[in-house]
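Protein chains in written order, with my numbering: chain U, 98 to 453; chain R, 98 to 453.
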């Protein structure tokens, strides 16, 4: 068990050692720690070995010049200069927020970036400005669209953060697949089969094998099968891909580069790096912020008080479980799985940063 | 079988008789006919009796003064003055497009409106301006959020239209539930059970009864059950509700007024009418339009050519099936179900507009 500050400092020092500025190293630490605190360890310290390997192979630039390459009063395309995804994403979301402050909303499509961690982090940046925040990203192709055996889409998450008054904010952050990719690993490690509706085999047949991705299989879009609306999940995931990559000039669909260092990058890919899309909408561009937040409290209260089917369940507001975990873990500290602890200790030793 | 022009003229004349301007009557006809042509008869002429009944009961205003009540360069809140939904929606989308022309994007949240037909109609308005169009609406509460037996959400559809060059445009238009409400009726009329994952009974138990809504049951959000990500469908449907109604000051969640005349309106509802949300993004606010459309062709080609699981299926691009039906039906004409034909003939006679 580590304190939050100890791990934060460790990550900062490690990324400073590979050349990041102290500000950038602190941003990377902040996003990874936030994922751990919010109960999403699949996007936390687990990712450090991959990030470092991508840096070592020259695919990530620790000293990027992140620039706006095109803009209007409410939009921008940002080139991340092969930055760590968190650095390009945070800068892009800041630009969206600045534009919203001036003309009501700001929308930024980002290319030449990398894996950015949890989408919710960037959406939540808008909250303190009394804005609605939106963040999405494409990701390596693991998912087959409806009626296909080809893996053309990532788990392409969407996050939306909406401020309230006395209620905590509404924070939705979800993959456009029934489950995140990491869940398959968990089933596999426990020796369990997955429910039907998560994956298909290489012939497109429904299966319950959590290891099917290694055998030519694919994940499915939200909905699971056509009968249950997988084509709607396919629509949603496609919109994330197009907004993130076709608007920005990043790689789309099957061309998104791997977020792990041991897989090769495609030659002749049509764009630059991974793509993201960010939005910020000033609440008072629509109505007085106090008024909006009063009604958001009303909305949240209405849903929170809905009748559950039995005593063991209750209607959750998006963001409730993660916020509760964040509160608990901030006090308690962060427990790393032994395998992860070992991996990041070895990487730390390599760069002369000690993990106690 | 009727020709498109004959039915269009019939609808126009009927709505002129109840007091609509000739322009507004033509808009209403256009949206309803487009739904019929695109194979979505649940949002076509079937709706006319309900629309007329809502007008007769004083809930819809045929001569509305639709106004912007608040705005910034990239946003507006529009008050529909209890207009037919199509009239408020078309005007709102036009405002979004005008704002996008000036500052890159335009975003409009609309209150005091009514059922607006197919969301895709408004999203597609952006295409001829080389813009991406977005349209969404809340709707009467028929859907339970995850872990609830209370019906708090509508089928809350989202439409996104994206232009391409030589390929036809990408047009996604989907309810945030596994199926549209009308599908339940079809199963019921055929005497068939529905697959599990569409509906639950009044205790929240999964059932396969297409008539369960009449027995206190509810529809489920996209994903179907928690295990398959229904909480993600709940997130998405909630975002549609909040953008459409809390941003605009319309009624949200369980307070959305019924879109049929025979159900009473809630007293003490927190907002005004039904809410919608519209967005327009100029492509060249991100990059040269030709460049973007070239890559959209590449995106569409990549997905269209993906390997299907067998010869009987193929990967569809969102909008493909509707466009193909529109092509066929525009030539062939529109076939009305005898029950619908009878109902609208009776209404026509009442207002002295003859359906041959």
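Every residue gets a Cβ at the ideal spot worked out from N, C-alpha and C, and that includes glycine.
So what does DSSP say about residue i, is it helix, strand or coil?
i: residue 205 (chain R); result: strand
i: residue 153 (chain U); result: helix
i: residue 212 (chain U); result: coil
i: residue 351 (chain U); result: helix
i: residue 109 (chain R); result: helix
i: residue 431 (chain U); result: strand
i: residue 134 (chain R); result: helix
i: residue 360 (chain U); result: coil
i: residue 146 (chain R); result: helix
i: residue 371 (chain R); result: strand
i: residue 249 (chain R); result: coil
i: residue 343 (chain R); result: helix
i: residue 279 (chain R); result: helix
i: residue 417 (chain U); result: helix
i: residue 217 (chain U); result: helix
i: residue 122 (chain U); result: helix
i: residue 404 (chain U); result: coil
i: residue 424 (chain R); result: helix
i: residue 460 (chain R); result: Any property of residue 460 (chain R) remains undetermined from this structure, which presents chain R solely from 98 to 453.
i: residue 436 (chain R); result: helix
i: residue 301 (chain R); result: coil
i: residue 382 (chain U); result: helix
Apart from the five residues on each side of it in sequence, which residues of its chain come closer than 7 Å, Cβ to Cβ, to residue i?
i: residue 390 (chain U); result: 260, 261, 262
i: residue 105 (chain U); result: 126, 130
i: residue 423 (chain U); result: 134, 135
i: residue 353 (chain R); result: 235, 236, 237, 238, 251, 371
My guess is that residue i and residue j are in contact by the Cβ rule of under 8 Å, so how many angstroms apart are they, rounded?
i: residue 372 (chain R); j: residue 403 (chain R); result: Their Cβ separation, rounded to whole angstroms, is 37 Å, which puts residue 372 (chain R) and residue 403 (chain R) out of contact at 8 Å.
i: residue 297 (chain U); j: residue 315 (chain U); result: 6 Å
i: residue 374 (chain R); j: residue 349 (chain R); result: Contact flag wrong, Cβ pair sits at about 12 Å.
i: residue 326 (chain U); j: residue 276 (chain R); result: 7 Å
i: residue 115 (chain R); j: residue 159 (chain R); result: 5 Å
i: residue 455 (chain U); j: residue 190 (chain U); result: Residue coverage of chain U in this structure runs from 98 to 453, which leaves residue 455 (chain U) outside it and unanswerable.
i: residue 310 (chain U); j: residue 294 (chain U); result: Not quite, the Cβ-Cβ distance comes to about 15 Å (not below 8 Å), so this is no contact.
i: residue 211 (chain U); j: residue 157 (chain U); result: 6 Å
i: residue 415 (chain R); j: residue 335 (chain U); result: 7 Å
i: residue 194 (chain R); j: residue 150 (chain R); result: In fact, because the Cβ distance is near 32 Å, the residues do not count as touching under 8 Å.
Check whether the Cβ of residue i lies closer than 7 Å to any heavy atom of the ligand COA, and answer yes or no.
i: residue 342 (chain U); result: This structure lacks the ligand COA, and indeed carries no ligand of any kind.
Spatial neighbours of residue i within its chain, please: CB distance less than 6 Å, with the 5 preceding and 5 following residues excluded, ordered by chain position.
i: residue 183 (chain U); result: 124, 125, 128, 213, 214
i: residue 192 (chain U); result: 173, 205
i: residue 232 (chain U); result: 216, 219, 220, 256, 375
i: residue 344 (chain R); result: 206
i: residue 243 (chain U); result: 323, 327, 328, 331
i: residue 291 (chain U); result: 284, 305, 307
i: residue 117 (chain R); result: 159
i: residue 224 (chain U); result: 258, 260, 266
i: residue 200 (chain U); result: 170, 171
Would you kindly report the start and end of the unbroken beta strand (DSSP E) that includes residue i?
i: residue 230 (chain R); result: 228-234
i: residue 319 (chain U); result: Unbroken run through residue 319 (chain U): none, as it is neither H nor E.
i: residue 167 (chain U); result: 164-169
i: residue 271 (chain U); result: 267-271
i: residue 259 (chain R); result: 255-259
i: residue 174 (chain U); result: 172-176
Take the Cβ of residue i as the centre, count every other Cβ of all protein chains shown within 10 Å, and call the residue buried at 16 or more, exposed below.
i: residue 434 (chain U); result: exposed
i: residue 100 (chain U); result: exposed
i: residue 65 (chain R); result: Because residue 65 (chain R) is not part of the residues shown, which for chain R are 98 to 453, the question remains open.
i: residue 457 (chain U); result: Since the displayed chain U opens at 98 and closes at 453, residue 457 (chain U) lies outside it and no answer follows.
i: residue 362 (chain R); result: exposed
i: residue 407 (chain U); result: exposed
i: residue 120 (chain R); result: exposed
i: residue 102 (chain R); result: exposed
i: residue 385 (chain R); result: exposed
i: residue 281 (chain U); result: buried
i: residue 368 (chain R); result: buried
i: residue 393 (chain U); result: buried
How far does the alpha helix (DSSP H) with residue i in it extend, from its first residue to its last?
i: residue 182 (chain U); result: 182-200
i: residue 388 (chain U); result: 386-401
i: residue 290 (chain R); result: No alpha helix (DSSP H) contains residue 290 (chain R), which DSSP labels as neither H nor E.
i: residue 336 (chain U); result: 327-338
Short of 8 Å in beta carbon distance, which residues of its chain neighbour residue i, apart from the five on each side in sequence? Order them along the chain.
i: residue 421 (chain U); result: none
i: residue 418 (chain U); result: 136
i: residue 312 (chain R); result: 298, 299, 306
i: residue 249 (chain R); result: 238, 240, 241, 242, 350, 351
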